[in-house]
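Visitor:
Residue numbers (our numbering): 1128 to 1235.
Next up, the structure:
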């Protein structure tokens, strides 16, 4: 019985740890926007949407028509660093192919 009394005393002296959860603030998101121009081909815009933004053919065509008819189209929404990298890739690839395609980003 002496051991049981020692255990009870030990448990009474222990501190209780309480886990607190911190709320993690989500990073701001950015829309990557393609802009219409008179020189970039529709096929090239679809190619960009498929290769850089990993869109399927139908979705790429839908976004391309938005660019063509409305002047702009949202290629995707990403964190700042990813959006910035995609904008740079689009512009670099467009220039390498001789197209003036513009791509920008804005906070969502």
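Built from N, CA and C at the ideal position, the CB exists for glycine as well.
Ordered along the chain, which non-local residues of its own chain (more than five positions away) have a Cβ less than 6 Å from that of residue 1232?
Guide: One-based indexing of the chain shown puts residue 1232 at position 105. These residues qualify, in order along the chain: 1157, 1159, 1210 and 1214.
Visitor: Report the residue from 1169, 1185, 1205 and 1181 whose alpha carbon sits nearest the alpha carbon of residue 1196.
Guide: Sequence index remark: in the chain shown, residue 1196 carries index 69 (1-based). Considering only alpha carbons, the answer is 1169.
Visitor: Thinking C-alpha only, which one of 1217, 1194, 1142 and 1203 is nearest residue 1164?
Guide: Taking the chain shown and counting its residues from 1, one reaches residue 1164 at position 37. The shortest Cα separation from residue 1164 among 1217, 1194, 1142 and 1203 belongs to 1194.
Visitor: Are the CB atoms of residue 1175 and residue 1217 within a distance shorter than 9 Å?
Guide: As a working mapping, residue 1217 is identified with position 90 in the chain shown. As a working mapping, residue 1175 is identified with position 48 in the chain shown. In contact: residue 1217 and residue 1175 (Cβ atoms closer than 9 Å).
Visitor: What are the uninterrupted segments assigned as alpha helix (DSSP H) that are 4 or more residues long and contained completely in the stretch 1199 to 1233, given in chain order?
Guide: Listed in chain order, the complete alpha helix (DSSP H) runs (minimum 4 residues) inside the stretch 1199 to 1233 are 1207 to 1223.
Visitor: Using C-beta distances below 6 Å, list every residue in its chain close to residue 1221, excluding the 5 sequence neighbours before and after it, in chain order.
Guide: Counting from one through the chain shown, the residue named residue 1221 turns up at place 94. 1228, listed in sequence order.
Visitor: For residue 1161, report the span of its alpha helix (DSSP H) as first-last.
Guide: For the purposes of this step, residue 1161 is identified with residue 34 of the chain shown, where counting begins at 1. No alpha helix (DSSP H) holds residue 1161; the beta strand (DSSP E) holding it covers 1156 to 1162.
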